[in-house]
Each structure stands twice: as structure tokens, then as C-alpha cells.
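As given, the protein sequences belong to chains D and C, one line each in that order.
Per our numbering, the first sequence starts with residue 4, numbered consecutively.
Per our numbering, the second sequence starts with residue 56, numbered consecutively.
Just so you know, even glycine gets a beta-carbon here, dropped at the ideal spot from N, CA and C.
All figures in this text were calculated on a predicted structure; none of them were measured in a lab.
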Amino acid sequence: MIRRETSPSPLAGPQTESRPAPRRMSLARRREAWQGYLFILPWMIGFLTFVVGPLLASLYYSFTYYPLLADPTWIGFENYLNALFKDRIFWLSVQRTLLWAITVVPLGIIGSFFAAVLLNRAIRGKTTFRVLFFLPSLTPEVAAAVLWVWILQPDVGVVNSVLKSWFGIRGPNWLASPDWALPSLILVALWTGIGSIRMLIFLAGLQSVPQELYDAGAVDGVNWWQKIWHITVPMISPTILLNLILGIIGSLQVFGLAFVTTAGGPAYATYFYALHLYQTAFRSFDMGYGSALAWFLFVTILVLTLIQISLSRRWVYYAGETKN
Amino acid sequence: MQTSQSLNSPPGGKLANQGVNRGHRLRREIGNLLLFALTAALALGFMFPFFWSISSSLKTGFEAMAYPPTLLPKVPQWSNYVEAWNAADLGQFFINSLFVTGLSLVGQITSSFLVAYGFARFRFPGRELLFILCLSGMMMPVYVTIIPLFTMFRYLGLINTYVPLILPTYFGSAFSIFLLRQFIMSIPLDLDESALIDGANRLTILTRIIMPNCRPALAAVAIVGFMSSWDAFLGPLIFLDSVKKYTLPLGLWFLKGTIDDALPRDHLLMAGAMIATFPVLIVFVFAQKYFVQGIVMSGIKG
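Given below as C-alpha cells:
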């Protein structure tokens, strides 16, 4: 088997590393090491206290019945079996969340990508447009939520008013309608998501594509779409992968937007996984079952991320690969 | 097509060539105009919710609820902001948010900077592994740790205080550490070494050499830290009980829940949404230049 050379990833250390280290560290090296540990000590303490400790604790809780006011009692896999075979709301929330993820992630990434392509062109007022596209992503989640509740208000909201007086259409109840609540939230997520940091990352990626490739393409007479599909997309595929991984991780955890706008309703239409988890742990105070739900999510995210990374070998192209 | 044609055309066809070029230029001109129009239309679409929210926040309660809605308020009711600030307690929420965000920001920047320096400039066994562990923190859903954190802080009697919101920021945030480390590594090592020869210690190097060179990354970290703390919803929702202690996002949610149809208060809610948004915009406008630079130079491209 031929082992692929890895790209110079951000994980690689400074170049000084390549020197073979002596078996016993010199006094200076040992001093340097201790100082290094001292500097990263805050993170190490925090990582143990706020990440590793809680992680293990929640794993333990997930195998217990823990109603907060009493001590946890061990019940084995009961919480997990409950989730999988008894809790209908669990599957409902899984389904809503997957529906959310498979719409918001691709639409968001495609939207951000084309926004970046558009803003990368030499058009007048480019910088201003970049800021205008970016501003919605700066709106605090809750502020965006109440803002859109007002815009999509069924009777006097601006969207339905325009639909009625300009087109004579009676608009749906948007967030108050079981059919339209999810699409409404997707709209809000795209408003805040398209011009976000993701767009800036794409812009940075676009600027790193060598102009020669486009020039060569022009000589061969490729059209706009071919240029995007055969030059831009492969060249920035690492950026797409990063955004895909982060996007899926984020979308599976959607909470605040739905919690504030619809509280999961109407008729569970926007009852996402995290809402179920919150309800279980912090309203019903069933900490054991809540932890099981959390671990289920964690493992799902881990597996999805690993699958994406392994699949990425087929479609992600690292330009720096040969240099190594 | 145009280009390849003109390249293939024999040297004699100079006139025809110019004609092609003129058509080409015209088409480019029209194309640019269309692109400009498209971009402007999209920008307008992105901006409209802001405009609508500001316009609504300046209407009287009944004007805001009127059908059909008017584009602009008859007389801008600037007093709405005063009313929202006072009557709806948003002033208190704003001050609470400022307090939490301020202390979190100090903690996050200082600790992340120290840790990033440690990862970037020192050689020690296990460094790569520890750094990967640090990054893995970014991938972890908050929900796996929030339940034990809740029980822990409850055990310590710290529920309904700001400690659970502020304390964890003093131990570095994975994203900030990553960004700063990437940036520090782009600063030439020679600067450090010559300072070391001159007898400077590591802390002096950090404050005199690394810090001044890190401004764009620090600005990016500050914005991201400000936003994550200012926008935080789940943490305050879980850890704060009494309304008096609510942060601004929580307060907005609370205010939304108290609106009833008898007394239209949506205009106040819109004022509240804008009060929550303005500080972020102000911070962004000040640090905008550095922010983009910091993101781009850290090389986050995958």
C-alpha cells in the first residue's frame, strides 16, 4: 500500500522539530520543556476540570437513574434502550434534526460559496458589499430570532402584508404553522449563515487559487460553470471539507433559534434533538437520561466526522501535498 | 471562446481582431453591471430585516401593529429605546451582559494567549498530542459536558451566579488558542532568538515581541470571544434563575414571553433586539480590518 503524504497541516510543529533529538535532554532543553508546560498549564487545568472530568461524569450518569435531587443509581443500558425503543419523541427529534441538517448545511455552504465567488469579483463597492453580507451573522441569535418572529408575524408581519397587498396571496402562518415552521427557521439560519465567517473562509480560499489556472482555462475556452466546477471547487476542496465538518457539527446542535421562536412547536414541528435534551435534563431533571442523549449525540458527531474525513480522500485535493 | 479565437486568428486579421475585442469588452461591461445589480439586490435582501427592525422599533405600539404596515414611522419614537431600557428592564440585562462579557473576554484573551505561546514557541514531549487534544475540544458538543457542569456548580452552590459563565473562560478557549498559535508561528523565530541572546526572558519576549506582532490575531480572538459571550444563550439559561440576573439574550427571550396581545409591545422588543445587536456592530466596525486579516493569515483553509 502506498502511504499518502500528508499535507503541511496546521498541526505540524515549527520547522526546528526535524532535528533528531538527543536521547537525554540537555539542561537548556529541559528548562524549555518545563517553561512550555507552565505556559500551557491553564489550558491543561481547564481541560481536565471542564472537559475530561465532565465527559467521564456524563458517561457515568448515562448509565444511571439520576433525578438530580437523589443520588445516581446504576441501571446499566436502560437509558439507551429507552431512547432507542420506547421514547417516540426521541425518534421524532432525531428526524427533525436530520431534516434540518440535510437542508441547512448544503444550502448554507452553497450559499456562502457563491456569495464568496460573487464578492471576489472586481465589482464596484466590493468591500462595502462584503460588510453588508457579513452583518446578519453578527446579530445575536436571540435578537435574530425575535426579529424574524416579527417579520414573519402572520397578520401584520411585513412578509404576509406584502404577499397580501401586492400579490393578493394569503401567506401561511409561518412559525405558527406545522408545515411552515421548519422552512421559516431554515430561512433565518440562511440569513445569518450565508454571509458568516464561512464566507470569509471561502474568500480566503478563493484568493489562494493561482490565477494561472484560470488563464489556462480561458485559453482552453472553458465557460463560467466549468471554471467553477473544474478549477475553483477542486482547489478549495479542503475549505469545503472544513466547512462541511463544522456545519454538520453545528447543525446537529441547533437550539437557541428554535427555543426562542417556536419552543419546538407547533406540534413538535421544530422539536430538535437539543430541545429534547434540554427538556429532559433541565425541565424534567432526568440527568441520567439527558446524559445518555448527550452521549448519543456525541458519538453520532464523532462517527460522522470520521466518515467525512475518510471519504474526503476521494474528493479533497491538497495542493501542498507534493511539496512535502 | 473569444480569447481562443483571437489567439488562433492569422496575423493578417488585425481589424477583425479589434472588432472581437470591442464586443468582448461590451459583453464584459454588461456582465459586470448585471453582477453589480445581483450583488446589490442580495445586499438589500440581507439588510432589509435590520431596516425593518429599526423602523418598527421607532413606531408607536399601535402604528407597529397597523395593517398595512408603513415603511417608516410617522414620527420616530426615540423614546421607545428609553422605555425599553427602563420599563422592560433591558438596561439591567444590558449591564449584566456587559459585566459577564467583559470579565470573560479578559480571561479568554489572556489565558489563550499564554497557552498559544506555549504551544508555538516551546519544544516539549507530547506537544503535538496535547495540541490535538486541545483542538478536539472544538468538535465536542456542549451537551456532553453541560449536565455534569450543572451538577458540579450546583454542588458548589454557584447556580444563579455568574461564576459558571465566567470561570471556564480563564482556562483558554480552543479556537482562540488555535488561531493565536498559528499566528505566533508566522512570526520569525529570529526575533525571539536575538532577544534571548540580549538576555530577555520568555515573558519579556511575549509582551515585547510577540504581542505587538499579534494584533490582528488578538483582534480576531477578541471579536469572536466577545460574540460568543455576548450571544450566549444556553449557558445563562441553565445557570441563571432570577430574572434580575438575566443577560441580554435571556432577557429578550423573557420579554418575548411576556408580550400579550392586549398591550402591543413588539416595538419595544425590536428596540431590545437592536440594543443587543448594536454593541456587536460597534466592536466589529472598530476591529473589522484586523478581524479579516487575522482569520485569513491564520491559514484556516482546512
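Option in the options with minimal Cα separation from residue i
| i | options | result |
| --- | --- | --- |
| Asp-204 of chain C | D:Ala-207, D:Leu-102 and D:Leu-51 | Per the sequence shown, residue 204 of chain C should be read as Leu rather than Asp. Leu-204 of chain C has its Cα closest to that of D:Leu-51, out of D:Ala-207, D:Leu-102 and D:Leu-51. |
| Tyr-136 of chain C | C:Phe-238, C:Met-329, C:Ala-342 and C:Lys-311 | C:Met-329 |
| Gly-39 of chain D | C:Phe-333, C:Arg-182 and C:Gly-306 | C:Arg-182 |
| Ser-152 of chain C | C:Lys-299, C:Phe-91, C:Arg-270 and C:Leu-88 | C:Lys-299 |
| Leu-258 of chain C | D:Ala-277, D:Phe-42 and D:Asn-246 | D:Phe-42 |
| Pro-196 of chain C | D:Leu-296, D:Arg-316 and D:Tyr-321 | D:Leu-296 |
| Phe-299 of chain D | D:Gln-256, D:Tyr-274, D:Trp-169 and D:Pro-269 | D:Gln-256 |
| Thr-156 of chain C | C:Thr-302, C:Met-194, C:Phe-341 and C:Met-325 | C:Thr-302 |
| Ala-229 of chain C | D:Tyr-83, D:Arg-133 and D:Gly-49 | D:Gly-49 |
| Val-199 of chain C | D:Met-290, D:Gly-268, D:Tyr-321 and D:Leu-141 | D:Met-290 |
| Pro-104 of chain C | C:Leu-289, C:Arg-82, C:Arg-80 and C:Thr-332 | C:Thr-332 |
| Phe-179 of chain C | D:Leu-247, D:Pro-237 and D:Arg-32 | D:Arg-32 |
| Val-335 of chain C | D:Ala-146, D:Ile-252 and D:Phe-205 | D:Ala-146 |
| Asp-245 of chain C | C:Arg-176, C:Glu-84 and C:Gly-192 | C:Arg-176 |
| Gly-212 of chain C | C:Asp-286, C:Phe-294 and C:Ala-139 | C:Phe-294 |
| Asp-74 of chain D | C:Ala-272, C:Ser-108, C:Ala-121 and C:Thr-206 | C:Thr-206 |
| Ala-192 of chain D | D:Asp-223, D:Pro-181, D:Val-97 and D:Ala-148 | D:Ala-148 |
| Ser-199 of chain D | D:Thr-303, D:Gly-79, D:Ser-294 and D:Ala-118 | D:Ala-118 |
| Ile-310 of chain D | D:Gly-79, D:Gly-293 and D:Ile-252 | D:Ile-252 |
| Ile-109 of chain C | C:Leu-126, C:Leu-97 and C:Leu-99 | C:Leu-126 |
| Thr-224 of chain C | D:Leu-305, D:Met-47, D:Ala-86 and D:Glu-215 | D:Met-47 |
Close-in-space but distant-in-sequence residues of the same chain around residue i (CB under 8 Å, 5 per side omitted)
| i | result |
| --- | --- |
| Ile-232 of chain C | Ser-167, Val-170, Ala-171, Phe-174 and Cys-189 |
| Arg-91 of chain D | none |
| His-233 of chain D | Gly-220 and Val-225 |
| Leu-14 of chain D | Per-residue confidence for Leu-14 of chain D stands at a pLDDT of 44, beneath the threshold of 50, marking its modelled position as unreliable; no derived number is given. |
| Ser-249 of chain C | none |
| Leu-70 of chain C | Reliability fails at Leu-70 of chain C, whose pLDDT of 48 lies under 50, so the model's placement of it is uncertain and the value that follows must be treated cautiously. Contacts found: none. |
Beta-carbon proximity list for residue i, same chain, < 7 Å, skipping 5 on both sides
| i | result |
| --- | --- |
| Lys-114 of chain C | Pro-128, Gln-132 and His-322 |
| Thr-76 of chain D | Thr-67 and Tyr-68 |
| Leu-166 of chain D | Ile-172 and Gly-174 |
| Ile-265 of chain C | Tyr-172, Ile-239 and Ile-242 |
| Ser-187 of chain D | Leu-155, Trp-177 and Leu-178 |
| Phe-309 of chain C | Val-298 and Tyr-301 |
| Tyr-271 of chain D | Leu-95 |
| Gln-18 of chain D | Unreliable positioning characterises Gln-18 of chain D in this predicted model, as indicated by a pLDDT of 45, which lies under 50. A coordinate reading is not provided. |
| Thr-273 of chain D | Arg-99, Ala-184, Leu-185, Leu-188, Ala-261, Thr-265 and Gly-267 |
Cβ shell of residue i (< 6 Å), same chain only, five flanking positions each side left out
| i | result |
| --- | --- |
| Met-4 of chain D | Its pLDDT being 37, under 50, Met-4 of chain D is placed unreliably by the model, and the measurement read from it follows with that caveat. Hits under 6 Å: none found. |
| Thr-106 of chain D | Ile-189 |
| Val-120 of chain D | none |
| Ser-111 of chain C | Ala-119, His-322 and Met-325 |
| Phe-258 of chain D | Ala-277 |
| Val-159 of chain D | none |
| Ile-239 of chain D | Gly-208 |
| Ile-312 of chain D | none |
| Leu-216 of chain D | Ile-234 |
Expected contact under 8 Å - CB spacing of residue i and residue j to nearest Å
| i | j | result |
| --- | --- | --- |
| Pro-139 of chain D | Phe-101 of chain C | 5 Å |
| Ile-164 of chain C | Gly-280 of chain C | 6 Å |
| Ile-252 of chain C | Gly-162 of chain C | Contact doesn't hold; Cβ gap of about 34 Å is too wide. |
| Val-263 of chain D | Lys-344 of chain C | With 8 Å as the limit, Val-263 of chain D and Lys-344 of chain C do not qualify as a contact, their Cβ atoms being about 33 Å apart. |
| Phe-1 of chain D | Phe-226 of chain C | For chain D, the structure presents residues 4 to 327; residue 1 of chain D sits outside this window and is missing. |
| Thr-242 of chain D | Gly-196 of chain D | Their Cβ separation, rounded to whole angstroms, is 16 Å, which puts Thr-242 of chain D and Gly-196 of chain D out of contact at 8 Å. |
| Thr-265 of chain D | Ala-184 of chain D | 5 Å |
| Thr-308 of chain D | Met-194 of chain C | 6 Å |
Heavy atom of the ligand FMN within 7 Å of residue i beta-carbon
| i | result |
| --- | --- |
| Gly-280 of chain C | Absence of the ligand FMN is noted for the structure shown, with no ligands found whatsoever. |
Residue i at chain E interface by Cβ criterion, 8 Å
| i | result |
| --- | --- |
| Arg-270 of chain C | Absent from the structure is chain E; the protein chains it does hold are D and C. |
Original post:
Listed in chain order, which residues of the segment 328 to 339 of chain C have Cβ atoms closer than 7 Å to some Cβ of chain D?
Top reply: Ala-328, Ala-331, Thr-332, Val-335, Leu-336 and Phe-339
Subject >> Contact list for the segment 78 to 103 of chain C against chain D, Cβ threshold 8 Å >> reply: From the segment 78 to 103 of chain C, only Asn-87, Leu-90, Phe-91, Leu-93, Thr-94, Ala-95, Leu-97, Ala-98, Phe-101 and Met-102 have a Cβ closer than 8 Å to chain D.
Original post:
Listed from N- to C-terminal order along the chain, which residues in the segment 178 to 199 of chain D have their beta-carbon within a distance smaller than 7 Å of any beta-carbon of chain C?
Top reply: Trp-194 and Gly-198
Subject >> Ordered list of alpha helix (DSSP H) runs contained in the segment 282 to 343 of chain C, each at least 4 residues >> reply: 289 to 294 and 303 to 313
**OP:** Taking only runs that begin and end inside the segment 214 to 293 of chain D, name each unbroken alpha helix (DSSP H) of 4 or more residues, in chain order.
**Re:** 214 to 222, 227 to 230, 240 to 254, 259 to 264 and 276 to 281
Original post:
Along the chain, which unbroken stretches of the alpha helix (DSSP H) at least 4 residues long are found entirely within the segment 247 to 287 of chain C?
Top reply: 257 to 260 and 270 to 285
Original post:
Between the segment 153 to 174 of chain D and chain C, which residues of the former have a C-beta closer than 9 Å to a C-beta of the latter?
Top reply: Only Trp-153, Ile-154, Gln-156, Asp-158, Val-159, Gly-160, Val-161, Ser-164, Val-165, Lys-167 and Ser-168 from the segment 153 to 174 of chain D bring a Cβ to less than 9 Å from some Cβ of chain C.
**OP:** With 8 Å as the C-beta to C-beta threshold (strictly closer), list the residues of the segment 276 to 288 of chain C near chain D in chain order.
**Re:** Met-282, Trp-285, Asp-286 and Phe-288
Subject >> Near-chain C residues of the segment 243 to 265 of chain D (beta-carbon distance less than 7 Å), N- to C-terminal order >> reply: Of all residues in the segment 243 to 265 of chain D, Leu-244, Leu-245, Ile-252, Gln-256, Phe-258, Gly-259 and Val-263 have a Cβ within less than 7 Å of some Cβ in chain C.
Subject >> Contact set between the segment 291 to 319 of chain D and chain C, restricted to residues whose Cβ is under 7 Å from the partner >> reply: Gly-293, Ser-294, Ala-297, Trp-298, Leu-300, Phe-301, Ile-304 and Thr-308
**OP:** Give, in chain order, every unbroken run of the alpha helix (DSSP H) that is at least 4 residues long and sits entirely within the segment 158 to 218 of chain C.
**Re:** Counting only runs of 4 or more residues that sit fully inside the segment 158 to 218 of chain C, the alpha helix (DSSP H) segments are 182 to 194 and 198 to 210, in chain order.
**OP:** Run through the segment 120 to 153 of chain C for me and flag every whole alpha helix (DSSP H) of 4 or more residues, listed as ranges in chain order.
**Re:** Counting only runs of 4+ residues, the alpha helix (DSSP H) found wholly inside the segment 120 to 153 of chain C occupies 134 to 141, in chain order.
**OP:** Give the residues from the segment 200 to 212 of chain C that approach chain D closer than 9 Å (Cβ to any Cβ), ordered along the chain.
**Re:** Thr-200, Ile-201, Ile-202, Pro-203, Leu-204, Phe-205, Thr-206, Met-207 and Arg-209
**OP:** Let me know the alpha helix (DSSP H) ranges lying completely inside the segment 178 to 219 of chain D, each 4 residues or longer, listed in chain order.
**Re:** 184 to 196 and 200 to 210
Original post:
Which runs of the alpha helix (DSSP H) fall wholly inside the segment 93 to 129 of chain D and span at least 4 residues, in chain order?
Top reply: none
Original post:
Going along the segment 106 to 124 of chain D in order, which residues come within less than 8 Å of chain C, judged by CB to CB distance?
Top reply: Ala-118, Leu-121, Leu-122 and Arg-124
Subject >> Entirely enclosed alpha helix (DSSP H) segments - the segment 54 to 81 of chain D, minimum 4 residues >> reply: Inside the segment 54 to 81 of chain D, DSSP marks whole alpha helix (DSSP H) runs of 4 or more residues at positions 56 to 64, from first to last along the chain.
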